[in-house]
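K.L.:
Counting in my numbering, the sequence shown runs from 32 upward without gaps. Think of the CB as a built atom: it goes at the ideal place given N, C-alpha and C, for glycine as much as any other residue. None of these values were measured; they are calculated from a predicted model.
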Amino acid sequence: MDVKVPDIGDFSEVPVVSVLVSVGDTVAAEDPLIEVESDKATMEVPSPAAGVVKDIKVAEGDAVSEGSLILVLEVEGAAEAPKVAVSEAPSAPQAVAATGAATGAGDVHAEVVVLGSGPGGYTAAFRAADLGKKVVLIEKDSSLGGVCLNVGCIPSKALLHSAKVITEAEEMAEHGVSFAKPEVDLEKLRDWKESVVNQLTGGLGGLAKARKVQVVNGYGTFTGPNMIEVDNDGEKSTVSFDQCVIAAGSEPVTLPFIPHDDPRVIDSTGALELEDVPERLLVLGGGIIGLEMATVYDALGSKVTIVEFMDQIIPGADKDVVKPLHKRIEGRYEAILTKTKVTAVKATNAGLEVTMEGPKGEVVDTFDKVLVAVGRRPNGAKVNAAAAGVAVDERGFIAVDSQQRTGVPHIFAIGDVVGQPMLAHKAVHEGKVAAEVAAGHKRHFDARVIPSVAYTDPEVSWVGVTETQAKAEGMKVGKGVFPWAASGRSLSLGRSEGLTKLIFDEESERVIGAGIVGPNAGDLIAEVALAIEMGADAVDLGHTIHPHPTLSETINFAAEMFEGTITDLMPPRKKK
Numbered sequence: 032m033d034v035k036v037p038d039i040g041d042f043s044e045v046p047v048v049s050v051l052v053s054v055g056d057t058v059a060a061e062d063p064l065i066e067v068e069s070d071k072a073t074m075e076v077p078s079p080a081a082g083v084v085k086d087i088k089v090a091e092g093d094a095v096s097e098g099s100l101i102l103v104l105e106v107e108g109a110a111e112a113p114k115v116a117v118s119e120a121p122s123a124p125q126a127v128a129a130t131g132a133a134t135g136a137g138d139v140h141a142e143v144v145v146l147g148s149g150p151g152g153y154t155a156a157f158r159a160a161d162l163g164k165k166v167v168l169i170e171k172d173s174s175l176g177g178v179c180l181n182v183g184c185i186p187s188k189a190l191l192h193s194a195k196v197i198t199e200a201e202e203m204a205e206h207g208v209s210f211a212k213p214e215v216d217l218e219k220l221r222d223w224k225e226s227v228v229n230q231l232t233g234g235l236g237g238l239a240k241a242r243k244v245q246v247v248n249g250y251g252t253f254t255g256p257n258m259i260e261v262d263n264d265g266e267k268s269t270v271s272f273d274q275c276v277i278a279a280g281s282e283p284v285t286l287p288f289i290p291h292d293d294p295r296v297i298d299s300t301g302a303l304e305l306e307d308v309p310e311r312l313l314v315l316g317g318g319i320i321g322l323e324m325a326t327v328y329d330a331l332g333s334k335v336t337i338v339e340f341m342d343q344i345i346p347g348a349d350k351d352v353v354k355p356l357h358k359r360i361e362g363r364y365e366a367i368l369t370k371t372k373v374t375a376v377k378a379t380n381a382g383l384e385v386t387m388e389g390p391k392g393e394v395v396d397t398f399d400k401v402l403v404a405v406g407r408r409p410n411g412a413k414v415n416a417a418a419a420g421v422a423v424d425e426r427g428f429i430a431v432d433s434q435q436r437t438g439v440p441h442i443f444a445i446g447d448v449v450g451q452p453m454l455a456h457k458a459v460h461e462g463k464v465a466a467e468v469a470a471g472h473k474r475h476f477d478a479r480v481i482p483s484v485a486y487t488d489p490e491v492s493w494v495g496v497t498e499t500q501a502k503a504e505g506m507k508v509g510k511g512v513f514p515w516a517a518s519g520r521s522l523s524l525g526r527s528e529g530l531t532k533l534i535f536d537e538e539s540e541r542v543i544g545a546g547i548v549g550p551n552a553g554d555l556i557a558e559v560a561l562a563i564e565m566g567a568d569a570v571d572l573g574h575t576i577h578p579h580p581t582l583s584e585t586i587n588f589a590a591e592m593f594e595g596t597i598t599d600l601m602p603p604r605k606k607k
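Shown next as structure tokens:
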């Protein structure tokens, strides 16, 4: 049997971080074979059947996509591999036999219950209420907003703003404006961060009240196809429902060789608590989460080391887009170690002794704190969805169709639990789809692209087809690249390292992807996302008048670079 990579969500060319079997190994069905890592999650690929591993086709560091051959398996009790296309996702989600038997009316009844109040969850709840449904919103924490608002997207951006102010003040000395070294009051900084969070979460509480959405606090788990039990610190209640939206989110991945019970080992939540500023900080994982936290702690005074298993930081983006970020932080951080993995962490009185293996062999070093940022895993299995008949795979993901329905028609799922990419803005749109379908509307999740952003300094953003992906898949594409060294606005900011790259379909000349690096790249990428959704081509972007001088006109210029009509630089070729 040829075992291939199954549907892994909206990702391609993800790196293999571990090969978990060897030739000759006997494996059972659902045993993990390899582990792959996107920029936000680590996933295991299971064996589709029991058998003996005859040949392995991948190695650590290889990039794989849906359909890539992993290994050859000699299936037990069969002379040849059965005709099972494990690389193909089912045409529609399948239900499983419900293990829960709870029926009848709960302590509270809802036409629509939403389990989880993150960006996707509260969006689904509020939209369903706006469409006339009686809605109950279940949240395990005391405030609404989930990970994103409370311990993720929002507090991190508040601290990143502080980091930007500090670094900009430092760097203005090169331009004749010097400031004294800043005095950082961690308590006040934490209070300000929390005030931003409280303003948003408090606003959500007001919006829920205004919409007559009933909020039930506690940890919700299914006990039947139409029943959820809520445990609020030992006080239990039940919520029955006609329809349900699962928006249970995800949690940080932990590693077995790391002493996570040591307070010097932190995840992203611990990093945001900002208890202190360690002298030496090791960030395990060169993805978005790790690099954003590294940006904060570097500005506050920590000596930062990044360890990344792949050959570049932010593996999901093109290397030329990441290069300006790498070059800048290489000059600020203590070290950036790519092609390196951590194999052991030992807690000692002197600090955390870390063993690393890289191109130069084994290295042992000691750090004051270690931030583990190697991805997140979905919480699908933690809500006992099987009690309702909802299938949850071995990684914790729940399969859904384009209307966000699970295999149980009256139960929907959105956000991190349904697969990659694990991004709040994806969950928001999925939440609206689920709510509208639950209210009887004909709606599907049909986004062509979903942008990704690393809020580092400089920011890195990308959307649609990357150049790396296009080459791997043999796509005929062209590109237009505009260096920010030729942007008046970029130069006036003292930041000339950025670039804007657009990817075009060679035949239609429609834009199909983009990568941007530089200040405010996360804001700029939205224009390209809209252009892709609208089917815009190079002429549409090139002929759209952008204000001058702005960073946004670099999108205009990149389109002109592709067309060969640019006048601000020498065109790479003359097309028109």
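For Arg479, count neighbouring C-beta atoms within 10 Å of its own C-beta (all shown protein chains included) and say buried if the count is 16 or more, exposed if not.
P.N.:
Arg479 is exposed by the Cβ-count criterion.
K.L.:
Specify the secondary structure class of Ala120 as computed by DSSP and reduced to three states.
P.N.:
With a pLDDT of 34 at Ala120, under the threshold of 50, the modelled position of this residue cannot be trusted, and the question is left open.
K.L.:
How big is the Cα-Cα spacing for Lys71 and Asn380?
P.N.:
Because the pLDDT of Lys71 is 49, which lies under 50, any placement of that residue in the model is unreliable, and the number read from its coordinates should be weighed accordingly. Rounded to whole angstroms, Lys71 to Asn380 spans 32 Å at the Cα level.
K.L.:
What distance in whole Å lies between the Cβ atoms of Ser483 and Pro452, which are believed to be in contact at a cut-off of 8 Å?
P.N.:
The Cβ separation is near 6 Å, so the contact holds.
K.L.:
CB Gly462 to CB Gly183, shorter than 7 Å?
P.N.:
No. Outside cutoff.
K.L.:
Suppose the cutoff is 8 Å on Cβ atoms and the five residues either side in sequence are ignored; what does the same chain contact list for Thr232 look like?
P.N.:
Within the same chain, Thr232 has close Cβ partners Ser174, Leu175, Gly176, Leu180, Asn181.
K.L.:
If you compare alpha carbons, which of Ala485, Met32, Arg436, Phe157 is closest to Leu357?
P.N.:
The amino acid occupying residue 357 in the given sequence is His; Leu does not appear at that position. Out of Ala485, Met32, Arg436, Phe157, Ala485 has the C-alpha closest to the C-alpha of His357.
K.L.:
Helix, strand or coil for Gly251, going by three-state DSSP, please let me know.
P.N.:
Of the three classes helix, strand and coil, the one that applies to Gly251 here is strand, per DSSP.
K.L.:
Taking the Cβ atom as the reference point for each residue, do Asn263 and Gly249 lie within a distance shorter than 7 Å?
P.N.:
Yes, they are a contact pair.
K.L.:
Whole alpha helix (DSSP H) runs in the region 432-504 with 4 or more residues, listed along the chain?
P.N.:
DSSP runs (the alpha helix (DSSP H)) wholly in the region 432-504: 455-469, 498-503.
K.L.:
For Met611, count neighbouring C-beta atoms within 10 Å of its own C-beta (all shown protein chains included) and say buried if the count is 16 or more, exposed if not.
P.N.:
Residue 611 lies beyond the stretch modelled for the chain, which goes from 32 to 607, so this question has no answer here.
K.L.:
Helix or strand or just coil, what does DSSP make of Ser299?
P.N.:
Of the three classes helix, strand and coil, the one that applies to Ser299 here is helix, per DSSP.
K.L.:
Using a Cβ-Cβ cut-off of 6 Å (strictly less than) and excluding sequence neighbours within five positions of Glu26, which residues of its own chain qualify?
P.N.:
The shown model of the chain, from 32 to 607, leaves out residue 26, and the question about it has no answer.
K.L.:
Pairs of beta-carbons, one from the region 324-333 and one from the region 415-433, closer than 8 Å: are there three or more?
P.N.:
No contact exists between the region 324-333 and the region 415-433.
K.L.:
Per DSSP, what kind of secondary structure is Thr585 in: helix, strand or coil?
P.N.:
DSSP places Thr585 in helix when its eight states are reduced to three.
K.L.:
Please report the straight-line C-alpha distance between Asp216 and Ala200, rounded to a whole angstrom.
P.N.:
Their backbone Cα atoms lie some 17 Å apart in a straight line.
K.L.:
So does the region 442-451 actually touch the region 268-283, counting three or more Cβ pairs closer than 8 Å?
P.N.:
Yes, they touch.
K.L.:
Do Thr254 and Gly427 have their beta-carbon atoms positioned less than 7 Å apart in this structure?
P.N.:
No, the pair does not count as a contact, with Cβ atoms beyond the cut-off.
K.L.:
On the three-state DSSP scale, how would you describe Ile65?
P.N.:
Strand, per DSSP.
K.L.:
Going by alpha carbons, who is nearest to Thr154 out of Val228, Leu51, Gly446?
P.N.:
It is Gly446.
K.L.:
Which residue or residues does DSSP assign as beta-bridge partners of Met387?
P.N.:
The partner list for Met387 (beta bridge, DSSP) reads Val373, Val394.
K.L.:
Measure the Cβ-Cβ separation of Asp396 and Val385 and say whether it is below 7 Å.
P.N.:
Closer than 7 Å, so yes.
K.L.:
For His456, which residues of its own chain have a beta-carbon under 8 Å away from its beta-carbon, when the five flanking residues on both sides are left out?
P.N.:
Contacts found: Pro150, Ile481, Pro482.
K.L.:
Can you name the start and end residues of the alpha helix (DSSP H) that Phe428 belongs to?
P.N.:
First-last for Phe428: undefined, no H or E at that position.
K.L.:
Could you tell me the distance, in whole angstroms, from the CA atom of Glu584 to the CA atom of Thr374?
P.N.:
Taking the straight line from one Cα to the other gives about 46 Å.
K.L.:
Closest by CA to Thr326, which one among Ile534, Ala590, Thr198, Glu540?
P.N.:
Comparing Cα positions, the closest option is Thr198.
K.L.:
Apart from the five residues just before and just after Ala128, which ones in its own chain have a Cβ nearer than 7 Å to its Cβ?
P.N.:
Same-chain partners within the cutoff: Gly420.
K.L.:
Can you give the Cα-Cα distance for Ala110 and Gly82, rounded to whole angstroms?
P.N.:
In this prediction, Ala110 scores a pLDDT of 35, lower than 50, which makes its location untrustworthy; the coordinate-derived value is nonetheless stated afterwards. Taking the straight line from one Cα to the other gives about 11 Å.
K.L.:
What does DSSP give as the partner residues of Ala366 in its beta bridges?
P.N.:
Ala366 pairs with Thr336.
K.L.:
To the nearest whole angstrom, what separates the beta carbons of Ile319 and Ile345, a pair I think is in contact under 8 Å?
P.N.:
Correct: roughly 7 Å between the Cβ atoms.
K.L.:
What is the DSSP secondary structure of Lys71, counted as helix, strand or coil?
P.N.:
Note that Lys71 scores 49 on pLDDT, short of 50, meaning its location in the model is unreliable; the coordinates nonetheless yield the value given after this. Looking at Lys71 - three-state DSSP - the assignment turns out to be coil, as it is neither helix nor strand.
K.L.:
How many Å lie between Val559 and Asn551 at the Cα?
P.N.:
Each residue's alpha carbon lies about 14 Å from the other.
K.L.:
Reducing DSSP to helix, strand and coil, say where Arg311 ends up.
P.N.:
Three-state DSSP puts Arg311 in a strand.
K.L.:
Within 10 Å of its beta-carbon, does Val115 have 16 or more other beta-carbons around it, so buried, or fewer, so exposed?
P.N.:
Note that Val115 scores a pLDDT of 27, beneath 50, so its modelled location is shaky; the value from the coordinates is reported in the next line. Exposed: under 16 other Cβ atoms inside 10 Å.
K.L.:
From what residue to what residue does the beta strand (DSSP E) around Ser226 run?
P.N.:
From DSSP, Ser226 is part of no beta strand (DSSP E) but of the alpha helix (DSSP H) over 217-241.
K.L.:
What residue range does the beta strand (DSSP E) around Lys532 cover?
P.N.:
530-536 is the span of the beta strand (DSSP E), which, as asked, contains Lys532.
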